[in-house]
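Undergrad: Okay, so the sequence shown: first residue is 54 according to my numbering, each after it adds one. First the structure, then my questions, so here it is.
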Amino acid sequence: MPPTPPASGPGRSADELNEAIRRLWPHPAMRLTREQRAEYEQLVAEWAAAVRAGIVEAA
């Protein structure tokens, strides 16, 4: 199942998302399940959007 796109509007901060990614994948040598990989991809997409939003706000 493809990841759900991030919701628009205020969401979690880049720091919150980074922490969620770290909790999901605590060590790079650890293999993720298919479900975890889908969650990871969703979190990374949300994180990137939060970072971009932070850059735009700072500008």
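Using N, Cα and C, we set each Cβ at its ideal position, and we do this for glycine too. If you're wondering where the values come from, they're calculated on a predicted model, not measured in any experiment.
#1: Within a Cβ cutoff of 8 Å, which residues of the same chain sit near L85, ignoring the five residues on either side of it in sequence?
#2: Residues in the same chain with beta-carbon distance under 8 Å from Q89, minus the five sequence neighbours each way, listed in chain order, please.
#3: Can you say whether A82 is buried or exposed, counting buried as having 16 or more other CB atoms within 10 angstroms of its CB?
#4: Let me know the secondary structure DSSP gives A98 once reduced to three states.
#5: What's the gap between the Cα of M54 and the Cα of Q95?
TA: This is what the structure gives:
#1: L77, W78, Y93
#2: L77, W78
#3: exposed
#4: Taken through DSSP and simplified to helix, strand or coil, A98 comes out as helix.
#5: Residue placement at M54 is flagged as unreliable, the pLDDT there being 49, under the threshold of 50; the coordinate-derived value follows with that caveat. Answer to the nearest angstrom: the Cα atoms are 12 Å apart.
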